[in-house]
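These notes concern the structure reproduced below.
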Amino acid sequence: MMDSMMFRRFALPLALSLIATTALAQVPMDPLDARDARRLDRMEQVMRELRSIVFQGRDSGKPVVVQPAETDYQLQEVSRRLGELEQSLTRMTGDIENATREAELAKRDAEALRAENKALSDRLTAFESSATAPSAPNVSGELAGGPSANAGLSPAEAFSQSRQAMLAGDYAAAEAGFRDYVADHGESAKAPEARYWLGKTLTARGAQAEAAGAYIGAIRGWPNTSWAPDAVVELSRSLIALKKPSDACQTLDEFKRRYPKAPAAVQSRAAAARTQAKCAA
């Protein structure tokens, strides 16, 4: 009974308000701007919801629970999702900018590395040209006037025979065998190592210019092999003997950079060469 009286108490003024609002809505008005139009739309929406509340209370006789407008909830949800999307786009933009910056730095590093490798390759070529005496036979050629030391042997047999001669201390036979191996199989996988051992035999007989050319041919491309660090040190020693200390120091700098894990004995010989060439610390 009390609920019904309270409903009638509030329903009548509310209904009168609704009628007044409806009447006002029918009165001709001047054209509205966009903002006023939106306000009017919201007011009409509220009035429709209030009208629904009045009819609900009248028909059920029960207290009315006012719920938020569905459209307001949807607008809030859309606004929330737009905010999340904006944050995601901001993060993605930052990630893209970072990735672009890192790619640009990587590109610059790659270009610098290519330029450095080209400069080193050109320097090795210059070493080879200046170190090899014009009158001396080419390190990849055969001994003039004699038969090949590896005649009738397979590449593997020729390499093994020359290596055995080297171990036995027969440097002349080893030199002839490795020289012919380079001449006959200069593009094979073992050719760089053959050049290295040929350089060793040439160093043993004091042919420093030819030895430097052989070592340069061996380390072209800076291979990661067990003999490569020693070949670089041997090249620096040949350059020192040829009175090219500046070139020797540059070679030792590359040794330090490219072969930091070289055996201790090889590093010790490199340190001695740096001292002999008076390289900067």
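What the sequence shown shows, in our numbering, is residues 19 to 299, in sequence order.
Note that CB positions come from ideal geometry on N, CA and C, so glycine has one too.
Remember, it's a predicted structure, so these values are computed and weren't measured experimentally.
Nearest by alpha-carbon distance to residue i: which of the options is it?
i: A229; options: S244, E175, L257; result: L257
i: A249; options: P263, A225, P210; result: P210
i: K218; options: G231, M61, P263; result: G231
i: R276; options: P263, K296, R238; result: R238
i: T293; options: S254, R197, K208; result: S254
i: A295; options: A190, S70, C267, R197; result: C267
i: K279; options: P247, A174, S264; result: P247
i: T269; options: A282, P281, E252, V284; result: E252
i: A242; options: L93, F273, D265; result: Note that residue 242 is Asn in the sequence shown here, rather than Ala. Here the closest residue by C-alpha is F273.
i: L260; options: A289, D271, Q226; result: Q226
i: D202; options: R66, A298, P173; result: P173
i: A212; options: R109, A236, Y189; result: A236
i: A191; options: R223, A299, A298, R98; result: R223
Helix, strand or coil for residue i? Go by DSSP, reduced to three states.
i: R98; result: helix
i: D188; result: coil
i: P173; result: helix
i: W215; result: helix
i: C297; result: coil
i: K262; result: coil
i: F25; result: Low per-residue confidence applies at F25: pLDDT is 46, beneath 50, and the placement is therefore not dependable, though the value from the model is reported in the following sentence. Three-state result, F25: helix.
i: E160; result: Because the pLDDT at E160 is just 40, under 50, the model does not fix this residue reliably, and the value given afterwards should be weighed accordingly. E160: coil per DSSP, three-state reduction.
i: N242; result: coil
i: N168; result: coil
i: R223; result: coil
i: M20; result: Note on M20: pLDDT 45, under 50, position unreliable in the model; no value is reported.
Starting from residue i and walking both ways along the alpha helix (DSSP H), at which residues does that stretch end?
i: K208; result: No alpha helix (DSSP H) holds K208; DSSP gives it neither H nor E.
i: S254; result: 246-259
i: P278; result: No alpha helix (DSSP H) contains P278, which DSSP labels as neither H nor E.
i: G235; result: 226-237
Determine the burial state of residue i: buried for a count of at least 16 other Cβ atoms within 10 Å of its Cβ, exposed for fewer.
i: N168; result: buried
i: L185; result: exposed
i: A121; result: exposed
i: L107; result: exposed
i: S180; result: buried
i: T118; result: exposed
i: T221; result: buried
i: I234; result: buried
i: L216; result: buried
i: E102; result: exposed
i: A55; result: exposed
i: E175; result: exposed
Flag residue i as yes if its beta-carbon sits less than 8 angstroms from any beta-carbon of chain D, otherwise no.
i: T243; result: The chain labelled as chain D is not found in the depicted structure, where only one protein chain is given.
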